[in-house]
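The structure appears right after this line, and notes come after that.
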């Protein structure tokens, strides 16, 4: 792993932590599900993408309402 890759990982981790701090543990559940779905060898199905999108919309609505 080179410096660029380590920097990218650290930046992504910082962004995820900032989202969790700002929006709560629900943000982590959504992020984790999205990552787990996309790292499979077959990729996400349309239904999985739609479910993640619906969850993101619901999370956003809750955030906007707070």
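Residue numbers (full-length UniProt numbering): 1 to 66. A virtual CB, placed ideally from N, CA and C, is assigned to each residue, including glycine. Bear in mind that the values here come from a model prediction, so they are computed numbers and not experimental data.
Host alpha helix (DSSP H) of residue 59 (start-end): 46-65
Beta-carbon contacts of residue 66 that lie in its chain and below 8 angstroms, excluding the five residues immediately before and after: none
Spatial distance of residue 43 from residue 60 (CA atoms): 25 angstroms
DSSP-derived helix/strand/coil call for residue 41: coil
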